[in-house]
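*Asks:* Quick one: the structure is below, questions incoming.
Structure, rendered in structure tokens:
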């Protein structure tokens, strides 16, 4: 009897209109205070979860108990038309099968593969087309307080990835009273020092875990974007109440 090789993937969602797959991986090398997985481990864009970001957290979400094997992953994806793949969740880069998964995605579906990562450690990126970097903070003391880890390796990897020419973007979470205007500007300045053409997305904090912070206002998000634009040309702030363009469905 052949033993199936298990991945760290616990959830798969699909956007039929754009033919985009999201693979959600469990396990992380950070312990972020505001990690959304503390509220819900599945895709927040599923219709049954759209209300969750604005709800007050009352419990910590259970860890997933079901994972998919590499063999069953391919069988599942073979049933779908795929153009793009997001490898996300907690930290996809930690899955030992990450290189094998991305290679299979390229060979079988010719997909455009985007890794969403904190870039604390990096797998082989041979079959990764783009990396969406979650940069928590540039100030090391803030980064340590929020994630439990220093950001020195993160910043070094950021520079190395840019030198390697891999297409990338950056996102950070705006947290009023913590990672706010001053730190957002620090992040924008750091990105600009490396490459002014890298797109920067500023995301609003949604309550998750048991933290004292609140969700930012539209005005605060606009002010953060304006501040970042002093250093970068490609900046966008999200308010958190944007209208859904496409339906997202659960596959696994």
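Residue numbers (UniProt numbering): 1 to 252.
Ideal Cβ positions, reconstructed from N, Cα and C, are used throughout, including at glycine.
Quantities reported herein were computed from a predicted structural model and do not represent experimental measurements.
How long is the line joining the alpha carbons of residue 18 and residue 83, rounded to whole angstroms?
*Replies:* Residue 18 sits at position 18 when you count from the first residue of the chain shown. Residue 83 sits at position 83 when you count from the first residue of the chain shown. Each residue's Cα considered, the two are about 8 Å apart.
*Asks:* Span of the alpha helix (DSSP H) holding residue 171?
*Replies:* Residue 171 sits at position 171 when you count from the first residue of the chain shown. Element bounds for residue 171: not the alpha helix (DSSP H) but the beta strand (DSSP E), 167–174.
*Asks:* Taking residue 93 as the reference, which of 238, 108, 112 and 131 has the closest Cα?
*Replies:* Stepping through the chain shown from its first residue, residue 93 is reached at position 93. If we check each option's Cα against that of residue 93, 131 comes out closest.
*Asks:* Would you report the Cα separation of residue 74 and residue 208, rounded to the nearest angstrom?
*Replies:* Here residue 74 is taken as the residue at index 74 of the chain shown, counted from 1. Here residue 208 is taken as the residue at index 208 of the chain shown, counted from 1. When rounded, the distance between both Cα atoms is 33 Å.
*Asks:* Taking all protein chains shown into account, decide if residue 80 is buried (16 or more other Cβ within 10 angstroms of its Cβ) or exposed.
*Replies:* Looking up residue 80 in the chain shown gives position 80. Exposed, by the Cβ-count rule.
*Asks:* Go through its chain and collect everything with a Cβ distance to residue 139's Cβ below 7 Å, but skip five positions before and after it.
*Replies:* One-based indexing of the chain shown puts residue 139 at position 139. Cβ neighbours of residue 139 beyond the five flanking positions: 183 and 186.
*Asks:* Answer yes if the region 155–172 comes into contact with the region 121–135, meaning at least three C-beta pairs across the two stretches below 8 Å, and no otherwise.
*Replies:* At 8 Å Cβ cutoff, the stretches touch.
*Asks:* If I follow the unbroken beta strand (DSSP E) through residue 8, where does it start and stop?
*Replies:* Position 8 of the chain shown, counted from the first residue, corresponds to residue 8. It is not in any beta strand (DSSP E) - residue 8 carries neither H nor E in the DSSP assignment.
*Asks:* Would the region 146–160 and the region 106–113 be scored as touching if the rule is three or more Cβ pairs under 8 Å?
*Replies:* These segments do not touch.
*Asks:* Starting from residue 75, trace the beta strand (DSSP E) both ways and give me its first and last residue.
*Replies:* Here residue 75 refers to the residue found at position 75 when the chain shown is read from its first residue. First-last for residue 75: 70–77, but that is the alpha helix (DSSP H), not the beta strand (DSSP E).
*Asks:* For the putative contact between residue 174 and residue 205, defined by C-beta atoms under 8 Å, what is the C-beta separation to the nearest angstrom?
*Replies:* In the chain shown, residue 174 corresponds to position 174, counting from 1. In the chain shown, residue 205 corresponds to position 205, counting from 1. Right, their Cβ atoms sit about 6 Å apart.
*Asks:* Does DSSP put residue 204 in a helix, a strand or coil?
*Replies:* Looking up residue 204 in the chain shown gives position 204. Residue 204 falls in the strand class under three-state DSSP.
*Asks:* Cα-Cα, which of 233, 172, 191 and 252 is closest to residue 221?
*Replies:* In the chain shown, the residue the question calls residue 221 occupies position 221. Of 233, 172, 191 and 252, the residue nearest in Cα terms is 172.
*Asks:* Residues bridged to residue 236 by DSSP?
*Replies:* Taking the chain shown and counting its residues from 1, one reaches residue 236 at position 236. In DSSP, residue 236 forms a bridge with 201.
*Asks:* Output needed for residue 56: all residues of its chain with C-beta closer than 7 Å, excluding positions within five of it in sequence on either side, in chain order.
*Replies:* Translated into the one-based positions of the chain shown, residue 56 becomes position 56. 207.
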